[in-house]
Amino acid sequence: MKPALAYRPGRSPLHRASVAAAVAFLGSLALVAFLYSSPLVLVADGLAIALAGHAAGAGRAVRASLRLALPLLVLMTAVNVLVTHRGETLLLRGWEVPLLGRLDVTLESLVAGAAIGLRVVVVILAFAVYSACVDPDRVLRALRPLARRSALTAAL
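In my numbering, each residue's number is its place in the sequence shown (first place is 1) plus 5.
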């Protein structure tokens, strides 16, 4: 049985697309995560990537990457809430910690942490769909004219 994130040949348009087209499509969806910080845009982008992955037959890769990425989202949000003390909307009056000071939980730090975590989730999803749908041999073949030694090293 192959790992969930390994390439599997398929007949979807994403599998049949050229390497440049697949990289441009998935790269543009991943780029949205770096350009926008709105949680609504990030959730919509993640849904678009997940739907594209399911439509391409990479549902197993999407599920496996979500199992990895969602705990990271929770962890990044929690760390940001504990470390960042910016914001006006106080949700929870914290306690005094010797090196960190008062640990207050604000709505703004919660949303900022969730946005950071969502960015990571979206990028992980995009790369999971890429690894499941784009043939690595075709990628090396496409890169051969540009970087002969690098393609040889990657092939070895």
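Note that the Cβ used here is the ideal one computed from N, Cα and C, for glycine as well.
- Under DSSP, V102 shares a beta bridge with G106.
- Per DSSP, the continuous alpha helix (DSSP H) segment holding L112 begins and ends at 112–138.
- Annotation for L96: no alpha helix (DSSP H) segment contains it, though the beta strand (DSSP E) segment containing it runs 95–97.
- The Cβ atoms of V139 and A60 do not sit closer than 8 Å to each other.
- Secondary structure at S33: helix, using DSSP grouped into helix, strand and coil.
- When DSSP states are grouped into helix, strand and coil, S70 belongs to the helix group.
- Taking C-beta atoms as the reference points, L130 and S70 count as a pair closer than 8 Å.
- By the Cβ criterion, the segment 94–102 is not in contact with the segment 17–33, since fewer than three pairs of Cβ atoms, one from each stretch, lie closer than 8 Å.
- Between L87 and V126, the CB-CB gap reaches or exceeds 8 Å.
- If you check the CB distance, L108 and G99 come in under 8 Å.
- Secondary structure of P8 (DSSP, three-state): coil.
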